[in-house]
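Visitor: The structure's right below; bear with me while I get my questions together.
This is the structure in structure tokens:
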């Protein structure tokens, strides 16, 4: 995975904008007037495969790199999910879990992966 | 990650960012890519958060992620966050949180800020003065010339540094953050700051806009094999454009 060795030799590119249309991303509306459980139903159903793939890769990371500390943190959090996941996020993840078929505990770990990663 | 808040010659405010993620999370030897980075790209979506049938704010998310990493509140402010590695990181923060229930998960604080803050100043104060579980860099842009800053956050609010774009050590007409404290040199193996500043100066204030900023963020190693997307935001128009990014060889792995 050796990269280019400093000092920096690349140049500032021109003419990259606009990129091809196939690099645009889809858009979804999140209606905050809906009950939290219903806000993510469409996205959860449409993207359940992608979410599952991300979670699988993150779990591999936790198993391979997590050693003692992260695994014990995840266990602690899982036991205290009701207390560490404030409203409306808990209800939203519940809705997402129902729509995607993914367990809420796994979705929660995904959503706090930034904090886990900084460990 | 690389985040930039910049103004053009007329004082219009722009905010652009690369989101890089997946370091050390599996290297695909055959394709020379990071496995998680590849998996994240198909999950990228833009979200239009609405209340009362009207847009409250827009964000770029990975599907399944309900917090906010990149967002625009039209006519008010723009936001992005970059990861900050710090010895006093998430481990202690999570343990403290389990014990005391004090502090915010980063992405929930940013989402709450997008939902509730009514101005650049209000967002800046909330992001600078709320206890967090893990350190982070918050990059914030406003609507007026000079309204742009990098908020370097510890878990606790003591030690918070707010670096405005008007500071002589910033660009003057822009401010740029990667993943290192602005008062320190970046890791020599991961210097995206220098190349990004070089490209910003080459672009100049007169060429600031979506095209110019996209070129800067498409220049290697600012663009690298961890880059999943580039987002471009203009606060007055409320425009958010998001593009998947790929970095074909030769390309730096981070």
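Residue numbers (this note's numbering), protein chains in the order written: chain A, 378 to 496; chain B, 480 to 733.
For each residue, glycine too, the CB sits at the ideal point set by N, CA and C.
These numbers come from a predicted model, not from an experiment.
Under 7 Å Cβ to Cβ from residue 458(A), same chain only, skipping five residues before and after it: list those, please.
Guide: If we look at residue 458(A) and ignore the five residues flanking it on each side, its Cβ neighbours are 482, 485.
Visitor: Does any residue of chain B bring its CB to less than 7 Å from the CB of residue 488(A)?
Guide: Cβ-Cβ to chain B under 7 Å: yes for residue 488(A).
Visitor: Listed from N- to C-terminal order along the chain, which residues in the stretch 550–579 of chain B have their beta-carbon within a distance smaller than 8 Å of any beta-carbon of chain A?
Guide: Under the 8 Å Cβ criterion, the stretch 550–579 of chain B contributes 562, 563, 564, 565, 568, 569, 570, 572, 573, 574, 576, 577.
Visitor: List, in chain order, every chain B residue whose beta-carbon is nearer than 9 Å to that of residue 459(A).
Guide: Those do not exist, as residue 459(A) stays about 11 Å from chain B at its closest Cβ, beyond 9 Å.
Visitor: DSSP puts residue 538(B) in a beta bridge; with which residues?
Guide: DSSP output for residue 538(B) lists 526(B), 550(B) as bridge partner(s).
Visitor: Using 10 angstroms around the beta-carbon of residue 549(B), count the other beta-carbons present and answer buried if the total reaches 16, otherwise exposed.
Guide: Label assigned to residue 549(B): buried.
Visitor: Hey, is residue 424(A)'s beta-carbon within less than 7 Å of any beta-carbon in chain B?
Guide: Taking Cβ atoms only, chain B reaches closer than 7 Å to residue 424(A), which makes this a yes.
Visitor: What residue does the beta strand (DSSP E) around residue 730(B) start on, and which one ends it?
Guide: Premise fails: residue 730(B) is in no beta strand (DSSP E) and is neither H nor E.
Visitor: Can you list, in chain order, the residues of its chain whose CB lies under 8 Å from that of residue 492(B), leaving out five sequence neighbours each side?
Guide: These residues qualify, in order along the chain: 484, 485, 486, 557, 620, 621, 622, 623, 624, 626, 627, 713, 714, 715.
Visitor: Kindly list the residues whose CB is nearer than 7 Å to the CB of residue 478(A), restricted to its own chain and excluding five residues on each side of it in sequence; keep chain order.
Guide: Once the five neighbours on either side are set aside, the close Cβ partners of residue 478(A) are 425.
Visitor: Going along chain A, which residues have a C-beta under 9 Å from residue 666(B)?
Guide: Near residue 666(B) there are no residues of chain A at all, since even the closest Cβ is about 10 Å away, more than 9 Å.
Visitor: Should residue 702(B) and residue 726(B) be called a contact, given that it needs their Cβ atoms to be closer than 7 Å?
Guide: Closer than 7 Å, so yes.
Visitor: Would a check of beta-carbon distances place residue 438(A) closer than 7 Å to chain B?
Guide: Yes, because at least one Cβ of chain B sits closer than 7 Å to the Cβ of residue 438(A).
Visitor: Could you check what DSSP says for residue 667(B) in three-state terms: helix, strand or coil?
Guide: Residue 667(B) falls in the helix class under three-state DSSP.
Visitor: Which two residues bound the contiguous alpha helix (DSSP H) that contains residue 490(A)?
Guide: Note, residue 490(A): alpha helix (DSSP H), 490–495.
Visitor: Label residue 508(B) either buried or exposed according to how many other C-beta atoms from any shown protein chain fall within 10 Å of its C-beta, with 16 as the threshold for buried.
Guide: Burial call: exposed.
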